[in-house]
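**Q** Which chain is which? The protein sequence lines are A and B, in order.
With positions in the first sequence counted from 1, the corresponding number in this note's numbering is that position plus 1334.
With positions in the second sequence counted from 1, the corresponding number in this note's numbering is that position plus 247.
The beta-carbon is built from N, C-alpha and C at its ideal position, and this holds for glycine as well.
What follows is a structure written as structure tokens; I'll ask about it next.
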Amino acid sequence: MSNYAFIGKSMPRVDSRAKVTGEALFTADLRLPKMLTGKILRSPYPHARILNIDISEALRVPGVKAIVTGRDVIQRKWGVFGYTQDQQFLPADRVRFIGEEVAAVAAVDEDSAQRAIDCIRVDYEILEAVFDAMESLAPTAPLLHDNFPHNINVHVPINVGDVEKGFAESYYVREDTFTASEDSYFQGEPYAVVARFDTDNNLEIWMPNAGPHMKAKPLSNALGIPLNKIRVRKITIGGAFGGRSEIAPADLICALLARKIGRPVKIVYTREENSIATRQGHALITTIKTGVRQDGRVIARDVTCYMDGGAYSSTGPIAVSVPFLCMEQAYKMEHVRYNGYRIYTNKPPRGMIRIHGRAFACGVDTQLDMIGEHLGIDPVTMRLVNAREPGEFTNTKSHVASCAMKETITKAAEKSGWNDKWGKLPPLRGIGIGCNSVQTGFPMGIRGGSQAIIKLNEDGGATVISGVVDNGQGNDNMLVQIAAEELGIRTEDVQLVTADTEVTPSDPGAYSQVSTFIGGHAVKNAAENVRRQLFEIAAKTLNVKVDDLKARDRMIYVKDSPDTGIPLKKVVRMILAQGKSVSGQGDYWPKVDPKREWVKNPFGQMCGAFSFGTTVAEVEVDPETGKVTVLEVTAAQDVGFALNPLVLEGQFQGSIAMGGQGGILTEGHVWDGGSVLNPTQLEYKVPLACDMPKINTIIIESNDPEGPYGTKESGMSIAMSAAQAYAAAVSNAIGVYMTDFPLTPDKILEALQNKVESETPNQNEDVMEKALELIVPAV
Amino acid sequence: MNKQPLEISINGDCYSLAVEPNRTLLELLREDLDLTGAKEGCGEGVCGGCTVLMDGKPVRSCLTLALEASGTHITTVEGLAQKGELDPLQQSFIEHGAVQCGFCTSGMLMAAKGLALNNPHAGNKEIRNAISGHICRCTGYTKIIEAVEAVVDRSLEKR
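This is the structure we're talking about:
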């Protein structure tokens, strides 16, 4: 199998040297000649009509060069989908959440910009606001958008089979509701944008992004200039986790300021702005009704989910669908019904996040444990009985080609010592298991595929041109590994030109776990194309067939006689001497059903591959403080094929930190109406080094038939299954099924207290009953 | 505000500067001297991204006024490598896959360097403590801890 030079080998990343020396430039590090500082004025009200904006005093502040308001923008609302266009960036008429952009200033320095911001006078007419998804549905609630009745932004209805018949045939049916507050990305790097226009009206723009092409098109629309004038440049990116996939208001605002004054402008968000004015995760209320056979196999499931989407739709239809999809991929069901609603409220807009829909995912697994307890079946068996298997179709008709879900369950259980621990741990110690499946890609229409171009230089080195972006997960290294492998050159011979919309062809972006599967695949195809050109000439020179050749170590060899070869460089020069260049392109489009649509037709092939993962967590709860200490976590994931195990382990470990440790134990926004009370890292607690448990990582390879080298998604499933495992472990430790996430100490203490209280009266009742029996003989 | 004189050594270079009393050390480094390796992740001393060494001890440069650093030797991430040769910690971070997005890396390295200088034989617990004022959202810290441990181990071998 491993006849590869670089593929499948643990190798340090090509981008890490620039990062450890401080040389790597992030957006906020950029400095351009004559650059100004931009600041944004934000709405202090959750819902208000803008009556007037007076910038006259602000314009007189020394050092102020430009101010933009809603009067400077094209009146065209943004939405990821045609049917969800609801957000006017820099609105002129109405604001819908605290922190919404109202005006912006460019000045010679930050102090001057801030002084001008303080001098802008805005007259508001305060409107009634709504902060709770269920209240927002009420007929008396204020409407956020006139064309969305009942404040329902998106409704995804799915109905497969006959759920009622399934419940009727079930041995046991139960219904439970699970809830979670909003969570947030807290990427290392706060959001920042630098923009400049040249005299020909070309825009150069830098910002952390999860897909430069996904930024360019909406910017083109919003600025009213052609796409080939929008140059989203490559820059080092400090994390995305789902939060930087679409255009941000600051992108447009920075460009407008730069165009108005004819100088470059830089906007750097504070940590607070990053939390309230980029995106957050959704708050969820999920009711799950499940019917099972006596052996634990799920017959029917009916899920209703209300997601608090905040003021605008963002990736709404995707956000509503993905929690359901993860469930239907991970677990088999005969009949299933889903009604997912995304509801508008006067809170910041919400997007996709690495542990998207934690109340949904944790709810499904918690309920499996509840059912298992009723039936006398342990959690591992409950999951094995219901686990997805290869060759099957999901309820919404996606074929699952590769799947090692069962292996992830058994391996994670074995490594964690499940059989020795389940039901045998001392009080307040618990163990829990969670399983999940994530899509490798989404149906993305005309942006669903990726193209790459490779050119070889006369010294045998290669330049790879690809739209793939690296948010920090290691995509650049992945492209280098693939190109070097296929061309038979060293990794240092590969130069990347990536994520720059002036040069690089379209690519779906990095936010749907698809960079290797699609972008890497395109580079592989391009490299194969170039290699074929080399082999045709080499074959003639060596007097062998093209199929007999192999490229390795900058040489082209005859496979069976490694002494017979020709330097790759020489072949390149031979082709150049014939008056031809050595370059080639390759592309890759996933085999998805083009007719599948999130709301109107949620059926057909969803994506090219699905990954499957299981996490087991073991915890200890302090009954005095409610604090959870995590003792050991074991994560097993079917990644298809491990391209770079070192990088994969890092994804597993980071997923456990974000999904389990933070996502279940500490992370959640707290509100006072429409105000976030914990927008910074002081109050919103993300995991620290001292919090992290011992982690075991198990990589399982199912070799997906469609993925390049058999690879598929690997950055999200473990975050999801870790959340589920952590939730299950805490519930197991305290003997109470927890249903509201995150599981902070106050909730754990309350659960323990309620448990004691509910058990004590029961004992009293028993005593009373016995006493009554003595007094009144049973009839 | 009236500028005050500031004598400071940064990465071995001596500077005679005039700075405003409210200028932070981080602003001085990033905006006046183009040393952008130190990052501002929060501006309130929580994330650790702006950490530099002041006379060998890690400090938050966002919470340190430039004038407080008067007469001190400051080392930033740009000053870790010597004559093009990476510091063992930098090399170890690369080899152990301790770098993902890289935004926290400068601060992590400076905290680790401070630990290595002041406690060259630190154990796992001391390493965790030393970097527990630094937020990394990508790695889950495992590989960062391993990278620091490997360097500490090496210094043990030398002894």
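Buried or exposed, going by whether 16 or more other CB atoms sit within 10 Å of the CB of A/P2042?
**A** Buried: at least 16 other Cβ atoms inside 10 Å.
**Q** Listed in chain order, which residues of the region 343-363 of chain B have Cβ atoms closer than 7 Å to some Cβ of chain A?
**A** Under the 7 Å Cβ criterion, the region 343-363 of chain B contributes G344, V346, Q347, C348, G349, F350, C351, T352, S353, L356.
**Q** Which residue or residues does DSSP assign as beta-bridge partners of B/Q329?
**A** Answer by DSSP bridge pairing, in chain order: B/E332.
**Q** Taking 6 Å as the limit between beta carbons, can you name the residues of its chain near A/G1808, skipping five residues before and five after?
**A** Closer than 6 Å at the Cβ level, and outside the excluded window around A/G1808, lie R1347, V1981.
**Q** Fully enclosed by the region 1748-1788 of chain A, which beta strand (DSSP E) runs are 3 residues long or longer?
**A** The region 1748-1788 of chain A contains these whole beta strand (DSSP E) runs: 1763-1774.
**Q** Determine, for A/A1796, whether the minimum Cβ-Cβ distance to residues of chain B falls below 7 Å.
**A** No, no contact with chain B.
**Q** Could you name the residues that DSSP lists as bridge partners for B/E301?
**A** First, the amino acid is wrong: residue 301 of chain B is Met here, not Glu. According to DSSP, B/M301 bridges with B/K304, B/I321.
**Q** Quick check: what's the CA-CA separation for A/A1358 versus B/G284?
**A** Approximately 8 Å, taken between the alpha carbons.
**Q** Among A/V1398, A/L2016, A/L1590, A/H1381, which one has its Cα closest to the Cα of A/D1406?
**A** Cα-wise, what sits closest to A/D1406 is A/L1590.
**Q** Near A/S1504, what residues of its chain come up, given a Cβ to Cβ distance below 8 Å and the 5 sequence neighbours on each side ignored?
**A** Closer than 8 Å at the Cβ level, and outside the excluded window around A/S1504, lie G1625, V1626, R1627, I1633, A1634.
**Q** For A/F1658 and A/D1510, I'd like the C-alpha separation in whole angstroms.
**A** If you take the alpha carbons of A/F1658 and A/D1510, they lie about 16 Å apart.
**Q** Return helix, strand or coil for A/I2082, following the three-state DSSP convention.
**A** Helix at A/I2082.
**Q** Quick one, are the C-beta atoms of A/I1384 and A/A1392 less than 7 Å apart?
**A** Against a cut-off of 7 Å, the Cβ pair of A/A1392 and A/I1384 comes out as no contact.
**Q** When the Cα atoms are used, what is the spatial distance from A/T1968 to A/A1746?
**A** Going by the C-alpha atoms only, they are around 6 Å apart.
**Q** Anything in chain A within Cβ reach of B/C289, meaning under 7 Å, just list it in chain order.
**A** Ordered by position in chain A, the residues that pass the 7 Å Cβ test against B/C289 are R1605, T2014, Q2015.
**Q** If we cut at 7 Å on Cβ distances, does B/C309 have a partner in chain A?
**A** Not one chain A Cβ lies under 7 Å of B/C309.
**Q** Rounding to the nearest angstrom, what Cα-Cα distance links A/I2034 and A/K1749 in this structure?
**A** Roughly 13 Å between the two C-alpha positions.
**Q** Assuming A/A1735 contacts A/P2039 (C-beta within less than 8 Å), just tell me the rounded distance between them.
**A** About 5 Å separates the two Cβ atoms, so the contact holds.
**Q** Could you please tell me which residues of the region 1356-1369 of chain A, in chain order, have their CB closer than 9 Å to any CB of chain B?
**A** So the list reads G1356, E1357, A1358, L1359, F1360, A1362, D1363, L1364, R1365, given in the order they occur along the chain.
**Q** In the structure shown, what three-state DSSP assignment does A/I1998 receive?
**A** Note: A/I1998 maps to helix in three-state DSSP.
**Q** Reducing DSSP to helix, strand and coil, say where A/K1934 ends up.
**A** The answer is coil: DSSP assigns A/K1934 none of H, G, I, E or B.
**Q** Using a Cβ-Cβ distance under 7 Å, would A/V2010 count as near chain B?
**A** No, A/V2010 does not count as interfacial toward chain B.
**Q** Please confirm whether B/A394 has its beta-carbon closer than 7 Å to some beta-carbon of chain A.
**A** Closer than 7 Å: no.
**Q** Provide the residue(s) that pair with A/F1360 in DSSP beta bridges, ordered along the chain.
**A** Note: A/F1360 sits in a beta bridge opposite A/T1570.
**Q** Check whether the Cβ of B/T389 lies closer than 7 Å to any Cβ atom in chain A.
**A** With 7 Å as the cut-off, B/T389 counts as an interface residue toward chain A.
**Q** Smallest Cα separation from A/E1792: which of A/I1871, A/V1906, A/V1828, A/G1577?
**A** The shortest C-alpha separation from A/E1792 is found at A/V1906.
**Q** Can you give me the C-alpha to C-alpha distance between B/E396 and A/W1923, rounded to a whole angstrom?
**A** Straight-line Cα distance between these residues: approximately 44 Å.
**Q** Compare the C-beta of A/E1523 with all C-beta atoms of chain B and state if any pair is closer than 7 Å.
**A** Closer than 7 Å: yes.
**Q** Can you give me the C-alpha to C-alpha distance between A/S1849 and A/E1958, rounded to a whole angstrom?
**A** Distance between the alpha carbons of A/S1849 and A/E1958 is about 46 Å.
**Q** With DSSP collapsed to three states, give me the class of A/D2006.
**A** Of the three classes helix, strand and coil, the one that applies to A/D2006 here is strand, per DSSP.
**Q** State the DSSP-derived secondary structure class of A/Q1971, mapped to helix, strand or coil.
**A** Reduced to three states, the DSSP call for A/Q1971 is strand.
**Q** At a Cβ threshold of 7 Å, is B/I321 touching chain A?
**A** It does not; no Cβ of chain A falls within 7 Å.
**Q** Nearest CA to the CA of B/T323: which residue from B/L312, B/G259, B/H381?
**A** The shortest C-alpha separation from B/T323 is found at B/G259.
**Q** Consult DSSP for A/P1901 and reduce its assignment to one of helix, strand or coil.
**A** Of the three classes helix, strand and coil, the one that applies to A/P1901 here is strand, per DSSP.
**Q** Leaving aside the five residues before and after A/E1606 along the sequence, list all residues of the same chain whose C-beta is less than 7 Å from its C-beta, in chain order.
**A** Within the same chain, A/E1606 has close Cβ partners P2013, T2014.
**Q** Residues of chain B with CB under 9 Å from A/Q1971, in chain order?
**A** The contacting residues do not exist; A/Q1971 stays about 14 Å from chain B at best.
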